[in-house]
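Start counting the sequence shown at 20; every next residue gets the next number (the working numbering).
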Amino acid sequence: MSDIKFSKNEKDILIQKVKMYFLEELDQEIGGFDAEFLIDFFSEEIGAYFYNRGIYDAQALIANKVDEISESIYELEKPTEFTR
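Written out as structure tokens, the structure reads:
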């Protein structure tokens with residue numbers, strides 16, 4: 020897996036969210052550098068867990084859709100003397 024890269028705008032939004040969380044939930048003010056450092060830490064250390072969960076969820080969704088399509092195709096089958 021390659022590193023996840025965020026645009027400057029995305030990173031700025033994440034930094035603001037972390038700073039707001041610290042202020043509202045922990046009653047602590049942190050600077051932009053500290054917030055960015057924390058984001059980088061979580062991204063490097065636990066980001067893969069969230070990424071993998073997304074992959075697993077996507078695989079399950081696709082498998083479900085393939086099953087639905089297979090069933091829909093089966094319903095289109097015309098009756099014949101042959102059986103499966």
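Note that the Cβ used here is the ideal one computed from N, Cα and C, for glycine as well.
| Query | Result |
| --- | --- |
| Comparing C-alpha positions only, which one of Leu42, Ser21, Leu57, Glu43 sits nearest to Lys30? | Leu57 |
| Taking the alpha-carbon positions, what's the Glu43 to Leu95 distance? | 57 angstroms |
| Tell me whether the beta-carbon of Lys36 lies closer than 9 angstroms to the beta-carbon of Glu48. | no |
| Tell me the DSSP secondary structure of Ser62 in three-state form. | helix |
| Throw me the rounded Cβ distance for the Leu33 and Phe41 pair, which I believe falls under 8 angstroms. | Incorrect: roughly 13 angstroms between the Cβ atoms, too far for contact. |
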